[in-house]
Every structure is written in structure tokens, then in C-alpha cells.
Amino acid sequence: MSSPRTLLVVNPAAGAGRAGRVLSRVLEELKPWGEFEIAVTRAGEDRPAQRIVREAVANGVTRIAVLGGDGTASQALNGLRQADGSIAAVQLGLIPAGTGRDFARTIGISRKPVDAARHLARGATTRTIDVGQIEFSDGSVRLFLNIASFGVTARIAHALEEYPQLKRHAGALAFGLATVRAGASYAPDLVEARVDEHAPESGPVAAMAIANGAWFGGGMHVAPTARIDDGRFEVVRFGDIARSDFVVSLPLVYKGTHYAHPKVTVSQGADVFAAPAGGPAARAIEIEADGEIVGRLPARFTVRPAAVTLLT
122 MSSPRTLLVV NPAAGAGRAG RVLSRVLEEL KPWGEFEIAV TRAGEDRPAQ
172 RIVREAVANG VTRIAVLGGD GTASQALNGL RQADGSIAAV QLGLIPAGTG
222 RDFARTIGIS RKPVDAARHL ARGATTRTID VGQIEFSDGS VRLFLNIASF
272 GVTARIAHAL EEYPQLKRHA GALAFGLATV RAGASYAPDL VEARVDEHAP
322 ESGPVAAMAI ANGAWFGGGM HVAPTARIDD GRFEVVRFGD IARSDFVVSL
372 PLVYKGTHYA HPKVTVSQGA DVFAAPAGGP AARAIEIEAD GEIVGRLPAR
422 FTVRPAAVTL LT
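Residues are numbered in our numbering as their position in the sequence shown, beginning at 1, plus a constant of 121.
Right under this line is the structure:
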């Protein structure tokens, strides 16, 4: 039986350049795979990993490893989505080298890129996982591996995109600095949200996480009982939380003990719809998915069960 045709996608800028610095050692660890192709993302291109993976799949690649951050992995996932909406039957392996490396926590692989590469080439097994899908009002679609959210959490992601020097110079502290920046000026949004066939709920929302995985934001354990293979999201809604309480409550989210907070509600479902409820004058509510700003409400979030074969 012939070996799978393999591609390594590298985002050398991930993790403030961590991915580029460890590339030679990662290549050494991947030698048991034999020959494979390498594609390096270009700075300044919009979602380059998505384009690279889409072209690779069209050319017959059947195994893809990603050396980069959660955003690069998410782009690669979206590159697997075909024109008809199906997801290509390609094995996907992750070598986490970004700033947060949150999805690695959920799937139980090393957050050290060289160790992750060694395991990938020598001891990885396959695991089928769910992914999330976001459908926007203009008909466009975005897939996500880990978590999609809106509210103050999306403003944190926006701050990281607006001030990339935070990641370059502050590393893992960047999430904390961006959180302080976003939290200093945040106010809850009025949102109407429906989970599955339950009645819609309308009211102030500080943040809402539609979680396939359990961690995001550089170690926030936002959905501690979420599973990536149970066919449903964990939907975590932070209600009308005052700015002062937000600061006090934040450590609870990192510990995963925030479910006891009276303004936090949790539900499970495979189909979530959310829209602004503040009328025409309401401000735009951005959505982040896997750490990247991807669009605005209204949007529908659905689970695509057992959609991707992951190497873990």
C-alpha cells in the first residue's frame, strides 16, 4: 500500500515567529513520513493557508500537517471545504506553534511543536471529530474547529488583529492585555438567540461562546464539558455582567468554574441562531471563530458531525 501524499503547511510568523524558529527541528521529526511537500504562507495574503490547502486537495494530497497557530489550522480546515459544501476526506494533523495553542489542549496533543511533530510522525492515531459551521446572512459559510463567539470575546480577537504587535512582543500575555483593553470599554449587546427548537431568548449578552472545543483565548476554559465528537455544541451565555464584575469574574473562566456564576447560562444543541435585538440603530456585533474575526451577526451556527479525520 502506497504512503499518503503529504503536505506540510507552515505559517512562519505564528507565535511571534516561533513556527519559523522551530521549522528545521520539525522537519527532522517528520522524516519517518518520507517525502512530503512544504508550502509556506505569505505575509499580507488573506487566509493563505486556506488557498494552499484547497489547491493541494485538488492536486491529490491526502494528508496535511499544519505548523502554525489555531487561526492557521482553521484556515486549513476551510480549505478542505469543497464547492458543493462537502469536506474533503483528508487526514489533518496539527503542530501547534501559535500564541494561544488552545485547540491542542482540547485534543490532548503536546503544545510544544517539536514534541507534537515527533508524535505525529511516530505514534499518531486517527480520530473523527465534529466541526462547526457558520452561515452568514449573505450566504457565505465559515467552518471552525474549536469555538466561535461574539461579544467581548470577539472584541478581544479584534484587538489582537488591530494591534498585531501585542502578539509579536507580548507572546502569551497578549491575550491578557487584549482582554484588559476590550474589557475596559465593553458594554453588553442586545441579542436574540435560539438553541435548537427551544424558544428564542432575548436580552443583554456580554459574550456568547458556541463551543465545539473547551478552551480559547489563551487558556480560558470557557466550555469545560464540551466534547468535539458528541454532535452538539456547548453554548455558554454570559448575560448582563457589569464591567466591574467582568474583571472579578475573569479568573473563574480561566479555571473553568464560571458555570456557577448567576449571570452565566449553559445549554447544548446542534443548531444555534443569533441576531442583534437592538433595532436598526444597534451596533454591529462581530463574530470570531478560532481567534479570527470572520463576520457579523445575524448568523446560524450548526454542527457538522464526524466531519474531519484528525491525527492525534
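Where is the CB? At the ideal position from N, CA and C, for every residue including glycine.
Between the alpha carbons of residue i and residue j, how many angstroms are there, rounded?
i: N199; j: Q254; result: 10 Å
i: G399; j: Y307; result: 16 Å
i: R248; j: T433; result: 7 Å
i: S231; j: P217; result: 8 Å
i: A410; j: Q196; result: 10 Å
i: V357; j: R417; result: 18 Å
i: G339; j: A179; result: 34 Å
i: V174; j: L128; result: 9 Å
i: V161; j: D259; result: 31 Å
i: G377; j: D223; result: 14 Å
i: V368; j: T220; result: 22 Å
i: R126; j: L241; result: 15 Å
i: A135; j: F157; result: 21 Å
i: V393; j: G229; result: 27 Å
i: A269; j: F422; result: 9 Å
i: L201; j: A170; result: 10 Å
i: A391; j: R184; result: 28 Å
i: A210; j: T430; result: 7 Å
i: D361; j: P383; result: 10 Å
i: W154; j: E166; result: 29 Å
i: A291; j: P309; result: Any reading at A291 is ruled out, since the residue's pLDDT is 49, under 50, leaving its predicted position unreliable.
i: G324; j: T274; result: 17 Å
i: R425; j: G206; result: 11 Å
i: R315; j: S370; result: 25 Å
i: V182; j: E282; result: 31 Å
i: N132; j: A140; result: 7 Å
i: S271; j: A177; result: Correcting the residue type first, residue 271 is Phe in the shown sequence and not Ser. Looking at the two C-alpha atoms, the distance is approximately 32 Å.
i: P321; j: E313; result: 6 Å
i: R263; j: D351; result: 20 Å
At what residues does the beta strand (DSSP E) containing residue i begin and finish?
i: T423; result: A420 to L432
i: E166; result: Taken as a continuous stretch (DSSP letters only), E166 belongs to no beta strand (DSSP E), as it is neither H nor E.
i: I250; result: T247 to F257
i: L241; result: That residue, L241, is in no beta strand (DSSP E); its alpha helix (DSSP H) goes P234 to R243.
i: L348; result: The displayed chain sequence assigns Arg, not Leu, to residue 348. Per DSSP, R348 belongs to no beta strand (DSSP E) and is neither H nor E.
i: S270; result: I268 to G272
For residue i, write down the residues that DSSP places opposite it in a beta bridge.
i: E413; result: A410
i: G214; result: A186 and L432
i: R358; result: M329 and T386
i: V312; result: G324 and P397
i: F337; result: M341
i: T438; result: Here the chain covers residues 122 to 433 and nothing more, so residue 438 does not appear.
i: R263; result: I255
i: I208; result: R202
With residue i as the anchor, note down where its alpha helix (DSSP H) starts and where it stops.
i: P397; result: Counting along the chain, P397 falls outside any alpha helix (DSSP H), though it belongs to the beta strand (DSSP E) covering D392 to P397.
i: S195; result: D191 to G200
i: G141; result: A135 to E150
i: F367; result: R364 to K376
i: F157; result: Run containing F157: none; DSSP gives neither H nor E here.
i: R222; result: Looking at the DSSP string, R222 is not in any alpha helix (DSSP H), and its letter there is neither H nor E.
By Cβ distance, which residues of its chain are closer than 6 Å to residue i, with the 5 residues on each side in sequence left out?
i: F359; result: A327, A328 and V385
i: P397; result: A403, I406 and L418
i: I226; result: The amino acid at residue 226 is misidentified as Ile; the sequence shows Arg. W336, listed in sequence order.
i: L373; result: H379
i: D317; result: G390 and D392
i: G412; result: D191, G192 and A278
i: R507; result: In the structure displayed, the chain extends from 122 to 433; residue 507 sits before or after that span and is not available.
i: V415; result: R263 and I408
Identify, in the order they occur along the chain, each residue of the same chain with its Cβ nearer than 7 Å to the Cβ of residue i, setting aside the five sequence neighbours on each side.
i: Y380; result: V387
i: A347; result: A332, N333, G334, A335 and E355
i: G150; result: As written in the sequence, residue 150 is Glu, which differs from the Gly given in the question. The residues are V235, A238, R239 and A242.
i: A428; result: I208, D251 and V252
i: A245; result: G214, L432 and T433
Taking 8 Å as the limit between beta carbons, can you name the residues of its chain near residue i, skipping five residues before and five after?
i: A164; result: A134
i: Y375; result: G340, M341 and H342
i: H319; result: S388 and G390
Under 9 Å, Cβ to Cβ, is there at least one residue of chain C near residue i?
i: A160; result: Considering every chain present, this structure includes no chain C. It has just one protein chain.
Taking contact to mean 3 or more Cβ pairs, one atom from each stretch, closer than 8 Å, check whether the region 208–215 and the region 183–195 are in contact. yes
If contact is defined by three or more beta carbon pairs under 8 Å, each pair taking one atom from either stretch, is the region 222–242 in contact with the region 127–146? Under the Cβ criterion (8 Å, minimum of three pairs), the region 127–146 counts as touching the region 222–242.
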